[in-house]
Amino acid sequence: MLKGKTALVTGSTSGIGLGIARALAGQGCAVMLNGFGDAAEIENIRANLAAEAGVDVRYNGADLSQADQIATLVGETVETLGGVDILVNNAGIQHTAPVTDFPPDIWDKIIAIMLTGAFHATRLALPHMLAKGWGRIINTSSVHGLVASIHKSAYVSAKHGIMGFTKVVALETAQSGVTCNAINPGFVHTDLVQAQIEDRAAAIGKPVADAARDMLSEKQPSLDFVTVDQIGALCLFLCSDAASQITGVPIPIDGGWTAQ
Ligand code: NAD
29 MLKGKTALVT GSTSGIGLGI ARALAGQGCA VMLNGFGDAA EIENIRANLA
79 AEAGVDVRYN GADLSQADQI ATLVGETVET LGGVDILVNN AGIQHTAPVT
129 DFPPDIWDKI IAIMLTGAFH ATRLALPHML AKGWGRIINT SSVHGLVASI
179 HKSAYVSAKH GIMGFTKVVA LETAQSGVTC NAINPGFVHT DLVQAQIEDR
229 AAAIGKPVAD AARDMLSEKQ PSLDFVTVDQ IGALCLFLCS DAASQITGVP
279 IPIDGGWTAQ
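Start counting the sequence shown at 29; every next residue gets the next number (the working numbering).
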């Protein structure tokens, strides 16, 4: 379905981003991976994905909190893969603390990576999509782009912010063949959530499995985690012709979290 197309997926060395990159590559899309991690492990991921899918897969380790590195990332994607047809703004981090204790430098970092970083990647990639008359921008927001939880002020602010950005980009591109949407996952069992589960296990003095169940029962009515493959499949749908009139909207994939 995506043969001849190219995608840049930020924060794709693990978790949701890697799941999305795998889904896109599986449909014939060339992919630029991005994110942090052990160099040998990342090379392994890159080489395996390229071999499994039979597509060109590259990697650039740009820090999404740095505008100049984002420019290099987008530039290298265009230069090596021939364009950026699909941009997935996915890189993200989490930090939990009450507002009064929230470290200002971590606030700045979260906003920089998850909101300002998405702005830079989009403003730099969009002209390449407009030139071809086709493009897909998918912003990994969260249920926390729609509702709030305590102790996540920076995260919830960044994720709500990206919802506004998604709508503006959708309106500005409405007649261009480009769509811009947000996906809003509930709990997905990735490294980012594992850290929260472990913190909770330590706080309540229970095993990690009990803490995971606790966490789900508080928020996610399905009592099950969303999988990265399900998110990959949702992104493929958004890249299909069937989704060409879907733009500027949040798409929850959350086991009923935001229905409450
Ligand atoms: P993860 O920790 O597995 O992945 C985060 C990715 O972002 C990694 O590749 C990491 O290296 C990269 N990254 C972090 N800081 C970066 C930076 N400064 N520059 C470039 N890359 C950076 O976590 P995940 O759960 O897969 O999170 C991916 C996205 O999904 C995030 O935006 C997160 O907020 C969002 N999300 C996650 C969940 C969940 O339950 N896991 C739910 C909703 C939304």
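Don't be surprised by glycine CBs; every beta carbon is placed ideally from N, CA and C. Please read these numbers as outputs of a predicted model, since none were measured by experiment.
- Using a Cβ distance threshold of 7 angstroms, I165 and S93 do not count as a contacting pair.
- In the pairwise beta carbon analysis, the stretch 125-136 is classified as touching the stretch 166-183: at least three pairs are separated by under 8 angstroms.
- With contacts defined by Cβ atoms closer than 7 angstroms, T286 and V175 form a contacting pair.
- A direct Cα-Cα distance of roughly 16 angstroms separates G120 from Q97.
- Note that the C-beta distance between T38 and N62 is below 7 angstroms.
- In this structure, the beta-carbon distance from A186 to I139 falls below 7 angstroms.
- Shortest gap from the CB of P213 to any heavy atom of ligand 1: under 6 angstroms.
- With a threshold of 6 angstroms, the Cβ atom of L152 does not count as near ligand 1, since no heavy atom of the ligand is closer than that.
- If you draw a straight line from the Cα of T207 to the Cα of A229, it comes to about 41 angstroms.
- In chain order, K180, Y183, V184 and K187 place their CB closer than 7 angstroms to the CB of H172, counting only its own chain and leaving out the 5 sequence neighbours on each side.
- With the rule of 3 Cβ pairs closer than 8 angstroms, the stretch 141-158 counts as touching the stretch 101-117.
- Taking the Cβ of G283 as the reference point, every heavy atom of ligand 1 lies at 6 angstroms or farther away.
- In this chain, the alpha helix (DSSP H) harbouring T100 covers A95 to L109.
- Taking C-beta separations shorter than 6 angstroms and ignoring five residues to either side along the sequence, the partners of V254 in its chain run P213, G214, V216 and I281, following chain order.
- With at least 16 other beta carbons inside 10 angstroms of its own, N167 counts as buried.
- Following the DSSP letters along the chain, one finds C267 inside the alpha helix (DSSP H) bounded by residues V256 to C267.
- For V196, the number of other beta carbons within 10 angstroms of its own is below 16, and it is reported as exposed.
- Cβ neighbours of P235 within its own chain (closer than 7 angstroms, five residues either side excluded): A229.
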